[in-house]
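Peer 1: Chains as they are written, first to last, in this note's numbering: chain A, 10 to 414; chain B, 10 to 414.
#1: Using a Cβ-Cβ cut-off of less than 8 angstroms, list which residues of the stretch 207-240 of chain A approach chain B; keep chain order.
#2: I want to know whether the stretch 284-297 of chain B touches the stretch 378-396 of chain B - three or more CB-CB distances under 8 angstroms.
#3: The alpha helix (DSSP H) with residue 311(B) in it runs from where to where?
#4: When burial is assigned at 16 or more other CB atoms within 10 Å of the CB, is residue 301(A) buried or exposed?
#5: Please state the DSSP three-state secondary structure of residue 414(A).
#6: Please report the distance separating the alpha-carbon of residue 244(B) from that of residue 377(B).
#7: Tell me whether residue 390(B) is buried or exposed, calling it buried when 16 or more other Cβ atoms sit within 10 Å of its Cβ.
#8: I want to verify the contact list: residues of chain B whose CB lies under 7 angstroms from the CB of residue 340(A), in sequence order.
#9: Who are residue 395(B)'s beta bridge partners in DSSP?
#10: Is the stretch 264-284 of chain B touching the stretch 362-371 of chain B in the sense that three or more CB pairs, one from each, lie closer than 8 angstroms?
#11: Can you name, in chain order, every residue of its own chain whose Cβ lies under 6 angstroms from the Cβ of residue 117(B), other than the five neighbours on each side?
#12: Using 8 angstroms as the threshold, is the C-beta distance between residue 166(A) and residue 283(A) below it?
#13: Which residues in chain A have a C-beta closer than 7 angstroms to the C-beta of residue 319(B)? List them in chain order.
#14: Select from the stretch 271-305 of chain A all residues with a C-beta closer than 8 angstroms to any C-beta belonging to chain B, and list them in chain order.
#15: Short check: CB of residue 76(A) to CB of residue 91(A), under 8 angstroms?
#16: Put residue 199(A) into one of helix, strand or coil per three-state DSSP.
#17: With DSSP as the reference, label residue 175(B) as helix, strand or coil.
#18: Report the three-state DSSP secondary structure of residue 16(B) (helix, strand or coil).
#19: If you drop the 5 nearest sequence neighbours on each side, which residues of the same chain put their C-beta closer than 7 angstroms to that of residue 405(A)?
#20: So which residues of chain A does residue 402(B) contact, with C-beta pairs closer than 9 angstroms?
#21: Just verifying my parser: in three-state terms, what is the DSSP assignment at residue 362(B)?
#22: Could you name the residues of chain A that residue 94(B) contacts, counting a contact when the two beta carbons are closer than 8 angstroms?
#23: Under 8 angstroms: do the stretch 234-241 of chain A and the stretch 51-61 of chain A share three or more Cβ pairs, one atom per stretch?
#24: Let me check understanding here. Comparing Cα to Cα, which of 84(B), 144(B), 185(B), 49(B) lies closest to residue 18(B)?
#25: Does residue 395(B) have its Cβ less than 8 angstroms from a Cβ in chain A?
#26: Is there a Cβ from chain A that is less than 8 angstroms from the Cβ of residue 132(B)?
#27: Taking the beta carbon of residue 177(A) as the centre, do at least 16 other beta carbons fall within 10 Å, making it buried, or is it exposed?
#28: Of all Cβ atoms in chain B, is any one closer than 8 angstroms to the Cβ of residue 260(A)?
#29: What residue range is occupied by the uninterrupted alpha helix (DSSP H) comprising residue 36(A)?
#30: Mind pulling the chain B residues with CB within less than 8 angstroms of residue 315(A)?
#31: I'd like to confirm the pairing. Which residues does DSSP put opposite residue 183(B) in its beta bridges?
#32: Run the CB neighbour count on residue 354(A), radius 10 Å, all protein chains shown included, and call it buried at 16 or more, exposed below.
#33: For residue 250(A), is the beta carbon positioned less than 7 angstroms from some heavy atom of the ligand PLP?
#34: Please classify residue 402(A) as buried or exposed, where buried requires at least 16 neighbouring CB atoms within 10 angstroms.
#35: Closest to residue 56(A) by C-alpha separation, out of 200(A), 153(A), 14(A), 99(A), would be which residue?
#36: Would you please verify whether the beta carbon of residue 192(A) is less than 8 angstroms from any beta carbon of chain B?
Rendered as structure tokens:
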């Protein structure tokens, strides 16, 4: 069902990072649901988390542990979000970290917990404990694909990508995995994404790169305008490639940052392509804006509009709905006469109304595509951005009416 | 299909206001699509309009005419919004006012045009001209029900209500009609609503009453988060009942204002109950907020959430989605531990997590109802508000995938 997305190929191991994935019974039907990711002792790390006020227990614990020391192990379970679970949820997250610390001989604060799945149910601690024991015996560097299966919930396809770049004649690998399909409108981070590299990178520069990459990728997508309680994105650098340390002043800083951007963008696009019920992959490109904020406001207004999204599902070039959405973005003093709108190469609106050369046939041709660029020219400045989203289909309603039943 | 809404009964004529409705061929299948509403010469009037930056041509013309003089005639067509039509749209709106002025012997600026329907298509002027001629010969005071049929688009049921109150022993009538089912997230006004009264009311107090009533009714509803380009709400007072003039200082000011509130609330609820694909009528009641803005932000965040709306459609007490939506409302320093959430009388969340006494069976019982109150206690202050909305069903997707085809 995912739009233009195939099973990942050539996913490369990352020296210094071992993974394991087991089925411990949190998800049904024997599906993998518990993942461990273990880092070499000299690793650096960067992270971003959800801005939701009801951040889940594992998010709170992970942030606290990150503030104390460098992480050594990530524990991720799918099938249960451990969100909306109050003090007991915190205790359960801490207990699971404790089990990991015992199994892998590290400190409890060196363990970061992550959870994804249904909100508001208590974590099944017995299953989880058994899972930690089992997983801790199967750690291996070539388990990235097993790990991605272990973090999936409503995803229909695994999302993983690898990239290699040369840092001073030394090959460096970046491999990332992500899960997410619904409750997708990240704010500072997204869903769950775990990215590893064997590069040696300073903590500060790693965080700088991650912030930049996330802004342009995970924080520029939406499936359904709902921000999750559990969003997190982790970037781990094991340093095993033994390159000269990369920091902001390195010659290689830009190359590393760009490679990370590409990994994050691939994963963010993959989440949208696998968006719940998606039949189309839509890029909303807003140009000639006066500020990034207004460009994003217009882009998200279009990307969130159920009327635009159902028209996209129906392949109906009902461009009036796009026009109305632009008009609803709350841009002060927007001059309708300066606005143009394109569907791919077809100009549908110029001077604020239907372009003289526009034909329904031309609009229809683009709307039948499975990948469409909606370009909005605001005529106010020079800032540009792109937001990626899906259409809104019957399957979206079906999936979200059936999720728990 | 509308939730808990029947055909209007006992719709009362309003002395001093005549209406006519004809089918002139803008809508298909011979459905009524052109309405005239004629006011006595001493009428006062109040209005609110959409805040969409791409306000339709008739909205621009109506605002301009309103600024010049008191209106005598309203011309409303359905089936075509005359929006996104540029300068030609303005010319067409003015031309149609000219025709009305000729037919009914008034000035062109005494005519207010309104349009609703598909965006971006030119008005079919020949049909409209013939419709004006025909309608001008059928004006009568008891045509409110014909008029409501003439302004409907995707509405499945007519929305009309009458109320009578006594102003100093003299009966005064308020009758209102509205249309709207999709693209419903009014901002300062909504869809189209026309409300007439035979009371004598000063212009200033009429506008004051309308602003207050609209804020608590049309501006507190959402079906799909999209604000229309054509929203307008008109309140006309003919003065035919010959009561003492009502203004802010009158003894009767409060009684009139309250009756108007009730009329607007009925019509706004009717629009939600007939929301596209609606199977449920949802009241989101936010209490103990620190400000009206944050109460409305939380209310709308829940009411706009596709995940909450699909759970409501499925009768699934997936309250974690409500919790996540509250957390996404961007309320600074929201203390999760102070938040409680109720479904009708069932407490689902207290202290920021699942209430100890909550059972799935209790949540399920409420979720099966066709009318549900979601109550959120923020624990921050004393402000309260209510937002009304619908669920998100397969029929919503069907209706909006098929609208133009």
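Note that the Cβ used here is the ideal one computed from N, Cα and C, for glycine as well.
Peer 2: For this structure:
#1: Those residues of the stretch 207-240 of chain A that come within reach of chain B (Cβ to Cβ, closer than 8 angstroms) are 233, 234, 235, 236, 237, 238.
#2: These segments touch.
#3: Per DSSP, the continuous alpha helix (DSSP H) segment holding residue 311(B) begins and ends at 301-313.
#4: With fewer than 16 other Cβ atoms within 10 Å, it is exposed.
#5: Legend: pLDDT at residue 414(A) = 42, less than 50; position of this residue unreliable, value from coordinates given subsequently. For residue 414(A), the secondary structure class from DSSP, reduced to helix, strand or coil, is coil.
#6: Roughly 38 angstroms separates the two Cα atoms.
#7: Exposed, since its Cβ has fewer than 16 Cβ neighbours within 10 Å.
#8: Against chain B, the beta carbon of residue 340(A) has neighbours under 7 angstroms at 62, listed in chain order.
#9: Bridge partners of residue 395(B): 294(B).
#10: The stretch 362-371 of chain B vs the stretch 264-284 of chain B: no contact.
#11: Cβ-Cβ distances below 6 angstroms link residue 117(B) to 106, 107, 110 in the same chain, with the five nearest sequence neighbours on each side left out; the list follows chain order.
#12: Yes; because the gap between Cβ atoms is below 8 angstroms, this pair is in contact.
#13: Correct list: 406, 409, 410.
#14: Contacts with chain B (Cβ-Cβ distance below 8 angstroms) from the stretch 271-305 of chain A involve no residue at all.
#15: No, these two residues do not count as a Cβ contact at 8 angstroms.
#16: Only weak support is given to the placement of residue 199(A): the predicted model assigns it a pLDDT of 46, under 50, and the question is left unresolved by the model.
#17: Looking at residue 175(B) - three-state DSSP - the assignment turns out to be strand.
#18: DSSP places residue 16(B) in coil when its eight states are reduced to three.
#19: Within the same chain, Cβ atoms closer than 7 angstroms to the Cβ of residue 405(A) are found at 285, 286, the five residues on either side in sequence being excluded.
#20: Going along chain A in sequence order, the residues near residue 402(B) (Cβ under 9 angstroms) are 406, 410.
#21: Residue 362(B) falls in the strand class under three-state DSSP.
#22: For residue 94(B), the residues of chain A that pass the 8 angstroms Cβ criterion are 362, 363, in the order they occur in the chain.
#23: The stretch 234-241 of chain A is in contact with the stretch 51-61 of chain A.
#24: Check the Cα spacing between residue 18(B) and each of 84(B), 144(B), 185(B), 49(B): the tightest is with 185(B).
#25: Judged by the 8 angstroms Cβ criterion, residue 395(B) is not in contact with chain A.
#26: Taking Cβ atoms only, chain A never reaches closer than 8 angstroms to residue 132(B), which makes this a no.
#27: It is exposed - the Cβ of residue 177(A) has fewer than 16 other Cβ atoms within 10 Å.
#28: Under the 8 angstroms criterion on CB atoms, residue 260(A) is classed as non-interfacial with respect to chain B.
#29: It is not in any alpha helix (DSSP H) - residue 36(A) carries neither H nor E in the DSSP assignment.
#30: Residues of chain B whose Cβ lies closer than 8 angstroms to the Cβ of residue 315(A) are, in chain order, 233, 234, 235, 315, 401, 405, 409.
#31: Per DSSP, the beta bridge partners of residue 183(B) are 172(B), 206(B).
#32: Taking all protein chains in view, the Cβ of residue 354(A) is surrounded by fewer than 16 other Cβ atoms within 10 Å, so the residue is classified as exposed.
#33: Of the ligands one can find in the structure shown there are none, so the ligand PLP has no counterpart to examine.
#34: Classification for residue 402(A): buried.
#35: Looking at the Cα atoms, 200(A) is the closest of the given residues.
#36: Yes, residue 192(A) lies at the interface with chain B (some Cβ there is under 8 angstroms from its Cβ).
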